[in-house]
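Here's the structure we're looking at; comments come further down.
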Amino acid sequence: MKRVTVGCPTKDRYNNLSLLLWSLLEQSFKDWDLLIIDDSEDRKDIREISVFQHILRRLEKENHLWKVLFGVKKGPHWSHQQMVNSVDTEFLFRIDDDCCCDKNCLKNLVETWSKLETQNIFKIGAIGPVVLDPSIPSELEELPVGFLSFKKFQG
């Protein structure tokens with residue numbers, strides 16, 4: 743069993759999804775599988791789209807299991823819950839289809855979680871990468887250094 747499932751909801755953005763998947767293939771952390779929840783209006787079988795054919799072959803060659811589940815047009819919250827209900831790994835990393843990951847994203851998330859968990863400083867419900875640009879003021883005014891959010895599931 744893999745340690746991490748990367749879960750990605752998508753809706754009519756196959757071009758964006760392919761860019762995300764390329765960034766996942768470049769991850770330095772290799773202990774992950776992929777779950778896509780496709781809630782598109784005009785569903786496509788990604789196995790029949792040429793850019794995805796190469797991506798899927800690489801996923802399989804690198805021993806990353808992948809699965810596509812089709813949504814029922816109930817929106818992103820339903821898709822997120824489907825991810826939670828469908829994983830059997832220690833971690834679920836949910837990422838949007840219009841994002842790309844730094845090559846050390848999963849490695850840093852898992853290492854940060856492990857460090858915080860062993861220190862038992864506080865109870866953690868979730869960690870994940872900051873998606874805000876720290877150079878742009880936000881209503882938070884200041885983001886804590888190394889702020890992460892990522893969810894661990896107890897099975």
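Numbering-wise, the sequence shown is residues 743 to 897 according to the working numbering. Glycine included, each C-beta is placed from N, C-alpha and C at the ideal position.
For isoleucine 797, the enclosing alpha helix (DSSP H) starts and ends at 792 to 803. Rounded to the nearest whole angstrom, the CA to CA distance from cysteine 842 to arginine 755 is 14 Å. If you compare the alpha carbons of Val746, Asn846 and Ser760 with that of isoleucine 791, the shortest gap goes to Ser760. Residue pairing for cysteine 750: DSSP places it in a beta bridge opposite Ile778.
Going by C-alpha positions, isoleucine 779 is about 10 Å away from glutamine 823.
When only Cα atoms are considered, leucine 777 and cysteine 750 end up about 6 Å apart.
Cβ-Cβ distances below 8 Å link leucine 798 to Ile788, Arg789 and Trp808 in the same chain, with the five nearest sequence neighbours on each side left out; the list follows chain order.
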